[in-house]
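Here's the structure, in structure tokens; my notes come after.
Residue numbers (my numbering), protein chains in the order written: chain X, 2 to 256; chain R, 2 to 256.
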């Protein structure tokens, strides 16, 4: 694949509810956009169940393989929230109640009893820092290269947006999009040759279905803006020629 | 985690467009629903880029760990469609043009030239069978315990729904849902005790945000219908008591 100079990243989504189909994940797309905007190269996503061994194995694989790992889910007060336990075990550290986390939670829940369940949310692995939760107080965790975020989408996104200063970010990739009113099979051979000519540009081809006729969207991405511009010119010239050959005028194009 | 007698399954989503945020995945939720309906225990999902080594590594890990592996994406005619190549390499077999696949494609594209790009879609790893594509003809691939499906959601779902006869399916889990108008922290301790009492029932707790007050949805799942019914009675009794203690009458509940 086209490598970029950007730091790599991975996401670990934790939760039975995604795997059972009960809940549609929304955090994958949010993190993908965040990485694209901040210049992180998101390379892998895994979704595992609320299962201690599965979480630990996935977390250890991802944190060894990528510069940053984000996790989503499992940091609430109930018995099925075992992410903090799994993170502590993965790092081989204890998981005591943390004074900073306790303060954040008690200052929010002034009219609530501090139940053992709520106290669970104040446990932070030794060596970990807090990630602020502006929505429901219970903090996320930053330890090593791992950022442990809530699964509830509004909290996940709020926590993510608070991380900017803690991440070494990279170059935001440039993007060019070329619309093409023929199927992929018609342009695939020439597109492959253009890809070979511009190895620092990643060219993706995405067929669109459901319209009145064939349509393919071509997306070029690169950190090398000069090569990106040249590759886009080559792709547009090829597509324009194919449109002329097939007599596909703008009026005949289906959106 | 609560084990079920059902065959395990995993999903491998292949595509830069998901990782870049350009495309929001729709296939994860569709497969999760399919597995729940047909009695497969979906245990893990991975998303990787259009990268040969990454696809092979993930595919080999998943096919060794689960009864079935479904893949999504990368079987079109363009240079970025490398899933068939990766599957052939993972299985250590050749990837010749297959007469059955060629027939399926040529019978559909009667007015189109058979370009080298289109011919790519007729390659099937040796030992593989075809999965019918009722939308755009280019077939999916069934080899070993791996089902290679298209990434375009309408085709992914059509291919998936054609697989029923090829899968050893299990028991559809029973589900009970209990709505609770307090936060998780209030019920977490008692819920944990109920979970311990009914180890064959998996109890999930899902806080709902964005309403006028706290609300938590409790979801019980099990293949053991007797234990499920008993656990649901215990959860409902606990929630009713908490509602009474907090004077949360139906009229005071926020939806």
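All residues carry an ideal CB built from backbone N, CA and C; glycine is no exception.
Cβ-heavy atom distance between residue 81 of chain R and the ligand ZN below 7 Å?
The model on display carries no ligand, and the ligand ZN is accordingly not part of it.
Would you check if the distance between the CB atom of residue 73 of chain X and the CB atom of residue 14 of chain X is smaller than 8 Å?
The count along the first chain starts at 1 and reaches residue 73 of chain X at position 72. The count along the first chain starts at 1 and reaches residue 14 of chain X at position 13. Taking 8 Å as the Cβ cut-off, residue 73 of chain X and residue 14 of chain X qualify as a contacting pair.
By DSSP, does residue 83 of chain R sit in helix, in strand, or in coil?
As a position in the second chain, residue 83 of chain R is number 82, starting the count at 1. In this structure, residue 83 of chain R counts as coil in the three-state DSSP scheme.
Whole angstroms is fine: what's the gap from residue 48 of chain X's alpha carbon to residue 109 of chain R's?
Walking along the first chain from the start, residue 48 of chain X turns up at place 47. Walking along the second chain from the start, residue 109 of chain R turns up at place 108. One C-alpha to the other measures close to 37 Å.
Among the residues of its own chain, which have a CB less than 6 Å from the CB of residue 2 of chain R, if the five just before and after it don't count?
Position 1 of the second chain, counted from the start, is the residue given in the question as residue 2 of chain R. In this prediction, residue 2 of chain R scores a pLDDT of 43, lower than 50, which makes its location untrustworthy; no coordinate-derived value is stated.
Between the alpha carbons of residue 197 of chain X and residue 230 of chain X, how many angstroms are there, rounded?
Working through the first chain from its first residue, we reach residue 197 of chain X at position 196. Working through the first chain from its first residue, we reach residue 230 of chain X at position 229. If you take the alpha carbons of residue 197 of chain X and residue 230 of chain X, they lie about 15 Å apart.
Under the three-state DSSP convention, the category residue 210 of chain R falls into:
On the second chain, residue 210 of chain R is found 209 positions in, with the first residue counted as 1. Looking at residue 210 of chain R - three-state DSSP - the assignment turns out to be coil, as it is neither helix nor strand.
Quick one: what does DSSP say residue 203 of chain R is sitting in, helix, strand or coil?
In the second chain, residue 203 of chain R corresponds to position 202, counting from 1. Correct three-state label for residue 203 of chain R: strand.
DSSP three-state assignment for residue 216 of chain R, whether helix, strand or coil
As a working mapping, residue 216 of chain R is identified with position 215 in the second chain. In the structure shown, residue 216 of chain R sits in a strand (DSSP, three-state: E or B).
Just tell me which of X:213, X:215, X:226 and X:189 has its CA closest to the CA of residue 1 of chain X.
The shown model of chain X, from 2 to 256, leaves out residue 1 of chain X, and the question about it has no answer.
Taking the DSSP output, what are the residues bridged to residue 71 of chain R?
Residue numbering aside, residue 71 of chain R sits at position 70 when the second chain is read from its first letter. Paired residue(s): R:12 and R:148.
Between the stretch 176-196 of chain X and the stretch 42-58 of chain X, are three or more C-beta pairs nearer than 8 Å?
no
Endpoints, the beta strand (DSSP E) within which residue 167 of chain X is located
Along the first chain, one-based indexing puts residue 167 of chain X at 166. Segment: none, residue 167 of chain X is in no beta strand (DSSP E) and carries neither H nor E.
Less than 8 Å between the C-beta atoms of residue 158 of chain X and residue 31 of chain X, yes or no?
To locate residue 158 of chain X, count along the first chain from 1; it is residue 157. To locate residue 31 of chain X, count along the first chain from 1; it is residue 30. The answer is yes: Cβ separation under 8 Å.
If you measure from the beta carbon of residue 201 of chain X to each beta carbon in chain R, is any gap under 8 Å?
Here the question's residue 201 of chain X lines up with position 200 in the first chain. So no, residue 201 of chain X is outside the interface.
Just to confirm the assignment: which complete alpha helix (DSSP H) runs, minimum length 4, are found wholly within the stretch 93-148 of chain X?
100-109 and 117-121
Given this structure, state the Cα-to-Cα distance separating residue 106 of chain R from residue 211 of chain X, to the nearest angstrom.
Position 105 of the second chain, counted from the first residue, corresponds to residue 106 of chain R. Position 210 of the first chain, counted from the first residue, corresponds to residue 211 of chain X. Each residue's Cα considered, the two are about 19 Å apart.
Contact with chain R by residue 192 of chain X, beta-carbon distance below 8 Å:
Within the first chain, numbered from 1, the residue matching residue 192 of chain X stands at position 191. True, the Cβ-Cβ gap to chain R drops below 8 Å.
Distance check for residue 83 of chain X and residue 52 of chain X, CA to CA, integer angstroms please.
Start at 1 with the first residue of the first chain, and residue 52 of chain X comes out as number 51. Start at 1 with the first residue of the first chain, and residue 83 of chain X comes out as number 82. In a straight line, the C-alpha of residue 52 of chain X is about 8 Å away from that of residue 83 of chain X.
List the residues of chain X whose Cβ lies closer than 7 Å to the Cβ of residue 43 of chain R, in chain order.
Taking the second chain and counting its residues from 1, the one referred to as residue 43 of chain R is at position 42. In chain order: 20.
Answer with yes or no whether the minimum CB distance from residue 80 of chain R to chain X is below 8 Å.
By 1-based counting over the second chain, the position of residue 80 of chain R is 79. Taking Cβ atoms only, chain X reaches closer than 8 Å to residue 80 of chain R, which makes this a yes.
Go ahead and pull the three-state DSSP assignment for residue 239 of chain X.
In the first chain, the residue the question calls residue 239 of chain X occupies position 238. Residue state, collapsed to three classes: helix.
Given that residue 37 of chain X touches chain R, what residues does it touch there, using C-beta distances under 7 Å?
In the first chain, counting from the first residue as 1, residue 37 of chain X sits at position 36. Simply 21 and 22.
Kindly give me the distance between the Cβ atoms of residue 152 of chain R and residue 66 of chain R, rounded to whole angstroms, as I take these residues to be in contact under 8 Å.
Mapped onto the second chain, residue 152 of chain R falls at position 151. Mapped onto the second chain, residue 66 of chain R falls at position 65. 22 Å between Cβ atoms; not a contact.
Is the CB-CB distance between residue 184 of chain X and residue 208 of chain X below 8 Å?
Mapped onto the first chain, residue 184 of chain X falls at position 183. Mapped onto the first chain, residue 208 of chain X falls at position 207. Yes, Cβ-Cβ distance for residue 184 of chain X and residue 208 of chain X is below 8 Å.
Just to confirm before moving on: does the CB-CB distance between residue 149 of chain X and residue 76 of chain X stay below 8 Å?
Taking the first residue of the first chain as position 1, residue 149 of chain X is located at position 148. Taking the first residue of the first chain as position 1, residue 76 of chain X is located at position 75. Against a cut-off of 8 Å, the Cβ pair of residue 76 of chain X and residue 149 of chain X comes out as a contact.
Under 8 Å, Cβ to Cβ, is there at least one residue of chain R near residue 86 of chain X?
Locating residue 86 of chain X in the first chain gives position 85, where the first residue counts as 1. Not an interface residue.
Going along the stretch 57-77 of chain R in order, which residues come within less than 7 Å of chain X, judged by CB to CB distance?
77
Please report the Cβ distance between residue 132 of chain X and residue 160 of chain X, rounded to the nearest whole angstrom; I am assuming they are in contact, meaning their Cβ atoms lie under 8 Å.
Here residue 132 of chain X refers to the residue found at position 131 of the first chain. Here residue 160 of chain X refers to the residue found at position 159 of the first chain. Correct: roughly 5 Å between the Cβ atoms.
If you compare alpha carbons, which of R:6, R:78 and R:60 is closest to residue 39 of chain R?
Position 38 of the second chain, counted from the start, is the residue given in the question as residue 39 of chain R. Ranking R:6, R:78 and R:60 by Cα distance to residue 39 of chain R puts R:6 first.
Considering just the uninterrupted stretch of the alpha helix (DSSP H) at residue 64 of chain R, what are its terminal residues?
For the purposes of this step, residue 64 of chain R is taken as residue 63 along the second chain, with counting starting at 1. Taken as a continuous stretch (DSSP letters only), the alpha helix (DSSP H) holding residue 64 of chain R covers 53-66.
For residue 76 of chain X, three-class secondary structure by DSSP:
Taking the first residue of the first chain as position 1, residue 76 of chain X is located at position 75. It is coil, neither helix nor strand.
Name the chain R residues whose beta carbon is nearer than 8 Å to that of residue 204 of chain X?
Residue mapping note: residue 204 of chain X aligns to position 203 of the first chain, counting from 1. Under the 8 Å cutoff, chain R gives 80 and 81.
Are the beta-carbon atoms of residue 118 of chain X and residue 102 of chain X separated by less than 8 Å?
Within the first chain, the letter at position 117 stands for residue 118 of chain X. Within the first chain, the letter at position 101 stands for residue 102 of chain X. Contact flag unset, no.
Run of the alpha helix (DSSP H) containing residue 155 of chain X, from where it starts to where it stops
For this step, residue 155 of chain X is matched to residue 154 along the first chain. Residue 155 of chain X -> alpha helix (DSSP H) spans 154-162.
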